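Scroll down for the structure; my scribbles are underneath it.
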Amino acid sequence: MMNKTTIFFLTTLLLIFVSCNGIKVGSEEKPRSVNNFNEDWTFQLGDYSKASSADFNDEQWRKLNLPHDWSIEGEFSEEHPAGSGGGALPGGIGWYRKV
Numbered sequence: 615m616m617n618k619t620t621i622f623f624l625t626t627l628l629l630i631f632v633s634c635n636g637i638k639v640g641s642e643e644k645p646r647s648v649n650n651f652n653e654d655w656t657f658q659l660g661d662y663s664k665a666s667s668a669d670f671n672d673e674q675w676r677k678l679n680l681p682h683d684w685s686i687e688g689e690f691s692e693e694h695p696a697g698s699g700g701g702a703l704p705g706g707i708g709w710y711r712k713v
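Reminder that position 89 of the sequence shown reads as 703 in my numbering, one-by-one numbering, no gaps.
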C-alpha cells in the first residue's frame with residue numbers, strides 16, 4: 615500500500631501535468647481558413663500532352679464546378695472497355711484544370 619507521501623507526490627504531479635497540458639508555448643494559433651476549391655475549373659475530354667503547363671491555353675475548354683464526372687454524360691453500352699463492371703460507361707482520358 616502506498617504511503618501518504620507517495621500519494622501526495624503523485625497527486626501533485628498529476629495536477630501539474632493537467633494544468634500545463636493546455637498551455638501553448640511560443641505559438642499563437644492562427645484562425646482556420648476555409649476555401650471552396652470546387653469552383654472555377656475547366657474540362658476537356660482527351661489527352662493533351664502540354665495541359666499540365668501553366669501557360670497552356672484552355673480558354674476553349676468547358677467551364678464547370680466540381681464535383682463532375684464526364685463519363686456519366688456518355689452513352690451506356692456494355693461494348694465500352696469497362697463493360698458492365700464499369701457501369702457500361704465510356705472510359706478514357708479527360709483533363710481538369712483549375713482557373
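Heads up, the beta-carbon is just placed ideally off N, CA and C, and yes, glycines get one too.
Just so we're clear, the structure is a prediction, and the values are computed from it rather than from any experiment.
Alpha-carbon to alpha-carbon, residue j and residue i
i	j	result
W655	P681	10 Å
F690	A665	28 Å
T619	P645	45 Å
E585	A702	No information on residue 585 is available, as it lies outside the stretch 615 to 713 that the chain covers here.
V632	S647	30 Å
D669	N679	21 Å
Y710	E673	13 Å
W684	G706	10 Å
G700	E687	14 Å
K677	P695	27 Å
L629	I621	12 Å
C634	N650	37 Å
Residue i, buried or exposed, once every other Cβ within 10 Å from all chains shown has been counted against 16
i	result
P704	buried
Beta-ladder partner(s) of residue i, from DSSP
i	result
W655	L678, K712
Cβ of residue i within 8 Å of any chain D Cβ
i	result
N650	The structure shown has no chain D; it contains just one protein chain.
Chain-order list of residues whose beta-carbon lies under 6 Å from that of residue i (same chain, five-residue window excluded)
i	result
Q658	W675, W709
N652	N679, L680
Y662	W709
Own chain residues within Cβ distance below 8 Å of residue i, not counting five before or after
i	result
E692	S698, A702
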